[in-house]
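So the sequence shown is residues 1 to 323, counted in my numbering. Backbone N, C-alpha and C fix where the C-beta goes; we use that ideal spot for every residue, glycine too. None of the values given here were measured: they were computed from a predicted structure. Since the structure comes first, as structure tokens, the remarks are kept for the end.
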Amino acid sequence: MPGSSSSLVRLHKVLAEAGIGSRRRCEEIIQEGRVEVDGSFVTELGTSVDPAKQEILVDGQRIRVRRKQYFILNKPVGVVSTNFDQAGRTRVIDLVPQDERLFTIGRLDRQSEGLIIITNDGELANHLAHPRYGVAKTYHVEVAGALAVEEIKMIQSGVYIADGFVKAESCRLKRKLGKSSILEIVLREGKNREIRRLLAKVGHKVLRLKRISIGPLKLGDVPAGSFRELKPSEVKALRESSDASAAKGAPKRKLMPRRATSTSPDSRRTKKTTSKGAAYRGGKKKKSKRKSDQQPAPIESRRGEGRAVKQKQASKKKQMRRK
Numbered sequence: 001m002p003g004s005s006s007s008l009v010r011l012h013k014v015l016a017e018a019g020i021g022s023r024r025r026c027e028e029i030i031q032e033g034r035v036e037v038d039g040s041f042v043t044e045l046g047t048s049v050d051p052a053k054q055e056i057l058v059d060g061q062r063i064r065v066r067r068k069q070y071f072i073l074n075k076p077v078g079v080v081s082t083n084f085d086q087a088g089r090t091r092v093i094d095l096v097p098q099d100e101r102l103f104t105i106g107r108l109d110r111q112s113e114g115l116i117i118i119t120n121d122g123e124l125a126n127h128l129a130h131p132r133y134g135v136a137k138t139y140h141v142e143v144a145g146a147l148a149v150e151e152i153k154m155i156q157s158g159v160y161i162a163d164g165f166v167k168a169e170s171c172r173l174k175r176k177l178g179k180s181s182i183l184e185i186v187l188r189e190g191k192n193r194e195i196r197r198l199l200a201k202v203g204h205k206v207l208r209l210k211r212i213s214i215g216p217l218k219l220g221d222v223p224a225g226s227f228r229e230l231k232p233s234e235v236k237a238l239r240e241s242s243d244a245s246a247a248k249g250a251p252k253r254k255l256m257p258r259r260a261t262s263t264s265p266d267s268r269r270t271k272k273t274t275s276k277g278a279a280y281r282g283g284k285k286k287k288s289k290r291k292s293d294q295q296p297a298p299i300e301s302r303r304g305e306g307r308a309v310k311q312k313q314a315s316k317k318k319q320m321r322r323k
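This is the structure:
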């Protein structure tokens, strides 16, 4: 079939993206012999097509192939990243007027600003946003006060917050501004308000937070509240970045250490101490047997002992009579 290997897509994915049904349902439709590609019926799963160059019909009707769209937007402070906001606040997707269903990649909280990617490409959105791919995201952060070298090292080595272990891939001081400092922080996974909580843990309040890049894509000179469409070369670089990060492996997550309680395994393994202060292992103290705890002798053995005593007494009486 025509098309370069880079432009070929699995047929069932093309049908799903055109709104025919779920991917599983589209596979069933293909096997039922209801799909034509360039005038020929296709029933084999795994068939790849070039939707931009080939004619695809389902039940005799040509499908509408959605053109993939990719935008870079400079999110201003006060705009929310979520697509569904019950409070009716301005959303990021409201700044990009489109009829298509769009996804936001790289959410920022309402007080933060900077680079967000907007697309209708769900697969790329998943690759760039999911922690397992570990795509680097760079931020410029203004914090109150001056950071000591030890605090920067702590940010890079990691700290525990309410929902687990967090750390920066890198953290460096860009410059000092009187009573505040500008940091450049790189993350590979994004928990909710991670940078704010990470810096609060080392005693510094975030005054301003701006994301300047996601992978190889940089914000550049896009004005706040404005957007532009990505170039094909930028989209390709983003894909390659997510693939490289997936091959390298996302950073391993550390869990919160469990506190030892009276019922926890840790507390049961802890050495206990006797009343005299001597430690013994396993929490078990060897007890000396008391007489009351000793098992009584069997009845037969007691009877045997009685007969022996009687025999001894009888022999003594015989000796006395002889005298």
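Practice prompt. Tell me whether the beta-carbon of P403 lies closer than 7 Å to the beta-carbon of A224.
Written response: This structure does not reach residue 403, given that the chain is present from 1 up to 323, and the question cannot be answered.
Worksheet item: Would the beta-carbon of Y139 fall within 7 Å of that of S242?
Response: no
Worksheet item: Hey, is the stretch 155 to 169 in contact with the stretch 110 to 119, meaning 3+ C-beta pairs nearer than 8 Å?
Response: At 8 Å Cβ cutoff, the stretches do not touch.
Discussion item. Let me check understanding here. Comparing Cα to Cα, which of C26, S180, A136, F227 lies closest to P97?
Written reply: F227
Worksheet item: With which residues is H140 paired in a DSSP beta bridge?
Response: E184, K210
Item to complete: Please list, in chain order, all residues of the same chain as S7 whose beta carbon is under 6 Å from its beta carbon, the five residues on each side excluded.
Response: Cβ within range, chain order: D50.
Item to complete: Report back the beta-carbon spacing between K191 and V222 to the nearest angstrom; my notes put them in contact at under 8 Å.
Response: Actually they do not touch by this definition, with Cβ atoms about 26 Å apart.
Worksheet item: DSSP three-state call for G122: helix, strand or coil?
Response: If DSSP states are grouped into helix, strand and coil, G122 belongs with the helices.
Worksheet item: For the alpha helix (DSSP H) that S157 lies in, which residues bound it at each end?
Response: S157 -> alpha helix (DSSP H) spans 149 to 157.
Discussion item. Whole angstroms are fine: how far does the CA of E36 sit from the CA of E234?
Written reply: 33 Å
Fill in: Distance CB(L73)-CB(V141) smaller than 7 Å
no
Worksheet item: Could you check where the alpha helix (DSSP H) with L177 kicks off and where it finishes?
Response: Segment 170 to 177 is the beta strand (DSSP E) holding L177; no alpha helix (DSSP H) there.
Worksheet item: How should F41 be labelled, buried or exposed, when 16 other C-beta atoms within 10 angstroms of its C-beta is the threshold for buried?
Response: F41 is classed as exposed because its beta carbon has fewer than 16 other beta carbons within 10 Å across all chains shown.
Worksheet item: Does the stretch 15 to 32 come within contact of the stretch 47 to 64, defined as at least 3 CB pairs closer than 8 Å?
Response: yes
Practice prompt. Report the partner residues of G164 according to the DSSP bridge assignment.
Written response: I161
Worksheet item: Under a Cβ-count criterion, where at least 16 other Cβ atoms within 10 Å of its own Cβ denotes burial, should A148 be classed as buried or exposed?
Response: exposed
Discussion item. To the nearest angstrom, how far is the alpha carbon of E100 from that of V14?
Written reply: 16 Å
Item to complete: Would you mind working out which of R67, S181, K231, I195 sits nearest L102, comparing C-alpha positions?
Response: R67
Worksheet item: Under three-state DSSP, which class holds I30?
Response: helix
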